[in-house]
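Residues in the sequence shown are numbered consecutively from 1, following full-length UniProt numbering. Quick notes on the structure that follows.
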Amino acid sequence: MRTTFINKVTEMARKDKDIYLITGDLGFSVFENFEKEFSDRFINVGIAESAMIGIAAGLALNGKKIYVYSIAPFLTMRCFEQIRVDLCYQNLNVNLIGVGGGLSYGASGATHHAIEDIAIMRSLPNMKVICPGDPFETENIVEQVLNIGGPTYIRLNKNREPRLYTKKNINFQIGKAIRVFEGNDVSIIATGNMLEQSINISKRLKEIGYSVNLISMHTIKPIDINIINECISNTKYIFTMEEHNVIGGLASAVSEVVVSSRLEHVTFKAFGIPDVYADCAGSRDYFRKKYNIDEDNIFNEMTKILNENGFESYN
Numbered sequence: 001m002r003t004t005f006i007n008k009v010t011e012m013a014r015k016d017k018d019i020y021l022i023t024g025d026l027g028f029s030v031f032e033n034f035e036k037e038f039s040d041r042f043i044n045v046g047i048a049e050s051a052m053i054g055i056a057a058g059l060a061l062n063g064k065k066i067y068v069y070s071i072a073p074f075l076t077m078r079c080f081e082q083i084r085v086d087l088c089y090q091n092l093n094v095n096l097i098g099v100g101g102g103l104s105y106g107a108s109g110a111t112h113h114a115i116e117d118i119a120i121m122r123s124l125p126n127m128k129v130i131c132p133g134d135p136f137e138t139e140n141i142v143e144q145v146l147n148i149g150g151p152t153y154i155r156l157n158k159n160r161e162p163r164l165y166t167k168k169n170i171n172f173q174i175g176k177a178i179r180v181f182e183g184n185d186v187s188i189i190a191t192g193n194m195l196e197q198s199i200n201i202s203k204r205l206k207e208i209g210y211s212v213n214l215i216s217m218h219t220i221k222p223i224d225i226n227i228i229n230e231c232i233s234n235t236k237y238i239f240t241m242e243e244h245n246v247i248g249g250l251a252s253a254v255s256e257v258v259v260s261s262r263l264e265h266v267t268f269k270a271f272g273i274p275d276v277y278a279d280c281a282g283s284r285d286y287f288r289k290k291y292n293i294d295e296d297n298i299f300n301e302m303t304k305i306l307n308e309n310g311f312e313s314y315n
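And the structure:
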């Protein structure tokens with residue numbers, strides 16, 4: 001996703017002289033070509049993230065189109081007050097790129113884990129929150145955010161993620177979820193770096209006879225209420241998948257819609273990181289197993305819920 005991001009921004013910068021890229025002592029081996037080609041529109045502020053947001057706000061007030069890049073927890077937490085006052089209060093066109101969403105930097109420990117960032121950014125008025133699940137979604141998001149205005153938080157994984165969509169001519173739109181598989185038994189709503197795993201789980205469920213409705217909810221705010229209501233109307237079970245604290249992220253956003261529908265037939269279950277900080281360091285795979293959000297555990301838990309409830313298609 002990181003490579004897709006910088007390639008797309010570089011392509012757009014060749015056509016639009018108002019595009020600027022700002023970073024806080026990061027992007028080495030990533031941004032060199034952009035810096036060489038657009039030296040007057042690349043700013044490395046050093047380890048001064050709060051100042052980085054102020055600079056971005058100043059440029060935006062002068063009509064510039066800004067991308068700000070940093071590691072997700074440094075960007076969303078260290079700069080929270082500046083994002084709130086400088087960007088959101090003034091509704092400025094600044095796009096925050098947080099790399100390493102979820103447990104991407106697992107081996108670096110809890111300080112580098114981004115497990116609260118969606119909740120934090122989602123709480124801010126005027127802020128849009130977007131979590132692409134593959135390079136295709138990333139490329140479209142990076143291009144479209146310039147045309148919708150206001151601040152945006154884009155949560156990226158790291159790099160070398162596979163392209164997950166096999167269909168051609170997908171109509172991508174920020175704020176509109178993508179239906180990856182269509183079914184009428186079980187709805188799985190996934191976001192960001194859990195999309196690949198959700199596809200694998202959906203295929204396994206289909207192999208044992210379930211009709212799976214898989215949704216890529218790349219935009220957490222504004223959430224696609226219409227597609228959630230379709231899930232409520234057409235399926236009896238709704239599962240969410242995210243690499244984020246179960247509080248405040250995708251699960252919270254979806255459950256707010258489910259509760260407001262006041263329909264009693266829906267069984268809802270959230271799969272995410274429990275409300276704890278890591279007490280050790282390790283790989284992403286290690287933490288997913290530790291928190292029971294790896295592919296096998298989620299698949300087994302889903303089938304257990306379906307069996308315990310005496311599964312029957314809602315339709």
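We put the beta carbon where it would ideally sit given N, CA and C, even for glycine. Note that the coordinates shown come from a computational prediction; the quantities given were computed from them, not determined experimentally.
| Check | Outcome |
| --- | --- |
| Quick one: is E49 buried, meaning 16 or more other Cβ sit within 10 Å of its Cβ, or exposed? | buried |
| Counting only the same chain and skipping the five closest in sequence on each side, list residues whose C-beta sits under 6 Å from that of E139. | T4 and K8 |
| For the pair the segment 196–205 and the segment 285–299, tell me if three or more CB-CB distances fall below 8 Å. | yes |
| Taking C-beta to C-beta, are D78 and I118 nearer than 8 Å? | Per the sequence shown, residue 78 should be read as Arg rather than Asp. Against a cut-off of 8 Å, the Cβ pair of I118 and R78 comes out as no contact. |
| For N169, which option in E196, N147 and F136 has the closest C-alpha, if you only look at C-alpha atoms? | F136 |
| Would you call the segment 223–236 in contact with the segment 269–278, where contact means no fewer than 3 C-beta pairs closer than 8 Å? | no |
| Would you mind stating whether K128 and N93 have Cβ atoms separated by less than 8 Å? | no |
| Leaving out five residues before and five after L26 in sequence, what residues of the same chain have Cβ atoms less than 7 Å from its Cβ? | Y69, S70 and I71 |
| Considering only the alpha carbon of each residue, which of C88, F268, L214 and D86 lies closest to I178? | L214 |
| Please state if the CB of V186 and the CB of I235 are separated by a distance shorter than 8 Å. | Here residue 235 is Thr; the residue named in the question, Ile, does not match the sequence. Result yes, Cβ atoms of T235 and V186 sit closer than 8 Å. |
| So what's E256 in DSSP terms, helix, strand or just coil? | helix |
| Would you say N91 and N126 are within 8 Å of each other, going by their C-beta atoms? | yes |
| Per DSSP, N44 forms a beta bridge with which residues? | T23 |
| On the three-pair Cβ rule with 8 Å, is the segment 244–262 touching the segment 277–295? | no |
| Taking the CB atoms as reference points, tell me whether K158 and G100 lie closer together than 8 Å. | yes |
| Does DSSP classify N315 as helix, strand or coil? | Summary for N315: the model assigns pLDDT 43, below 50, so the residue's position carries little reliability; its value from the coordinates is reported in the next sentence. Residue state, collapsed to three classes: coil. |
| Among all the DSSP beta bridges, which residues are the ones paired with I141? | None; I141 has no bridge partner. |
| K17 to E143, Cα distance in whole Å? | 15 Å |
| Does DSSP put A190 in a helix, in a strand, or in coil? | strand |
| Please return the same chain residues whose Cβ sits closer than 6 Å to the Cβ of G150, not counting the five positions on each side in sequence. | N91 and N126 |
| Are I83 and L124 close, meaning C-beta to C-beta below 8 Å? | yes |
| At which residue ranges does the segment 189–252 contain complete beta strand (DSSP E) runs of 3 or more residues, listed in the order of the chain? | 212–216, 219–221 and 237–245 |
| So, are the CB atoms of I115 and I141 less than 8 Å apart? | no |
| If contacts are defined as beta-carbon pairs under 8 Å, then Y291 and G106 qualify, I think. What distance do you get, rounded to the angstrom? | About 11 Å separates the two Cβ atoms, so there is no contact after all. |
| DSSP on G109, reduced to helix/strand/coil? | coil |
| Measure how close the beta-carbons of E256 and M194 come, nearest whole angstrom, since I'm counting them as under 8 Å. | Not confirmed; about 19 Å, so no contact. |
| Any idea if F34 is buried or exposed, counting beta-carbon neighbours within 10 angstroms, 16 or more meaning buried? | buried |
| Determine which residues share a DSSP beta bridge with L96 and list them. | V68 and Y153 |
| Cβ of Q90 less than 8 Å from any chain B Cβ? | Judged by its chain identifiers, the structure shown contains no chain B, having just a single protein chain. |
| Considering just the uninterrupted stretch of the beta strand (DSSP E) at F271, what are its terminal residues? | T267 to I273 |
| Determine the closest residue to D134 out of F172, E196, V180 and P73, with distance taken between C-alpha atoms. | E196 |
| Output the distance between the C-alpha atoms of Y237 and N245, rounded to the nearest integer angstrom. | 21 Å |
| Check the C-beta distance from L59 over to Y20 and give it rounded, since I have them as a contact under 8 Å. | 6 Å |
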